[in-house]
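A.B. asks: Sequential numbering of the sequence shown, starting at 0, is according to numbering that gives the first Met the number 0.
My questions will all concern the structure given below.
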Amino acid sequence: MNDETPLPSRRDPRERFYRRERQSVPAARAFTRAALLGWGIRERADDITLCVSELATNALLHGVPPGRGFRLHLRREGDVLRVEVHDSGDGWPRLGISGEGDAESGRGLLLVAALADKWGVVERDPGKAVWCEFVQADAERLT
């Protein structure tokens, strides 16, 4: 009989819940960096981490009702790394308009749109999931 807990597979998704508090954004970045390191992914790691930071910030500022939190989900499928931030708020994110210097919202999504290969929003019950994807040129890193 083997009493040891198996180590997570290099393919296992990584997921963590964060409360509605300021420390959650740096914690989500650190969690992402650790997951990428564990998977051996260095390519575009800074872009991925920045997008996690922006999506987590958006969830806290615009999507998470008081007393609730958000969930960060990182998943690899083939040569694609997918980031999802789930929140239970009913607000819907929108891109800011480039050049609107005084705009207080939407600029984070402009960064996500510029850095990620794809991004979008899907409805959930309750709330939504904002996601972005990064294609890795070196697909061996994702096996």
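Ideal placement from N, C-alpha and C gives every residue a C-beta, glycine not left out.
#1: Tell me which residues share the same chain as Arg67 and place their Cβ nearer than 7 Å to its Cβ, disregarding the 5 neighbours each side in the sequence.
#2: Would Gly119 and Asp89 be called neighbours here (beta carbons separated by less than 8 Å)?
#3: Which stretch, first to last residue, makes up the beta strand (DSSP E) that contains Trp118?
#4: For Thr4, collect the residues of the same chain with a Cβ closer than 7 Å to its Cβ; drop the 5 residues on either side in sequence, then sort them by chain order.
#5: Given a threshold of 16 other Cβ atoms within 10 Å of its Cβ, counted over all protein chains shown, does Val51 qualify as buried or as exposed?
#6: Tell whether a beta-carbon distance below 8 Å holds between Arg93 and Glu14.
#7: Tell me the DSSP secondary structure of Glu14 in three-state form.
#8: Any idea what DSSP makes of Gly154, helix, strand or coil?
#9: By Cβ distance below 6 Å, which residues in the same chain neighbour Ala44 in space, the five residues on each side in sequence not counted?
#10: Would you mind listing the alpha helix (DSSP H) stretches within the segment 39-87 that are 4+ residues and don't spill past its ends, in chain order?
#11: From the DSSP output, in three-state form, read off Ala29 for me.
C.D. replies: Let me spell this out:
#1: Locating residue 67 in the sequence shown gives position 68, counting from the first residue. Taken in chain order, the residues that qualify are Arg19, Ser87.
#2: Counted from its first residue, the sequence shown places residue 119 at position 120. Counted from its first residue, the sequence shown places residue 89 at position 90. In this structure, Asp89 does not lie closer than 8 Å to Gly119 by Cβ.
#3: One-based indexing of the sequence shown puts residue 118 at position 119. That run of the beta strand (DSSP E) goes 117-122.
#4: Looking up residue 4 in the sequence shown gives position 5. Caution is warranted here: a pLDDT of 43 is assigned to Thr4, below 50, making its placement in the model unreliable, and no coordinate value can be reported.
#5: The count along the sequence shown starts at 1 and reaches residue 51 at position 52. Buried, by the Cβ-count rule.
#6: In the sequence shown, counting from the first residue as 1, residue 93 sits at position 94. In the sequence shown, counting from the first residue as 1, residue 14 sits at position 15. No, they are not a contact pair.
#7: As a position in the sequence shown, residue 14 is number 15, starting the count at 1. Strand, per DSSP.
#8: Only positions 0 to 142 of the chain appear in this structure, which leaves residue 154 out of reach.
#9: As a first step, residue 44 is located in the sequence shown; it is residue number 45 there, counting from the start. For Ala44, where only same-chain residues beyond five positions count, the Cβ hits under 6 Å are Leu35.
#10: 44-57
#11: As a first step, residue 29 must be located in the sequence shown, where it is residue number 30. Three-state DSSP puts Ala29 in a helix.
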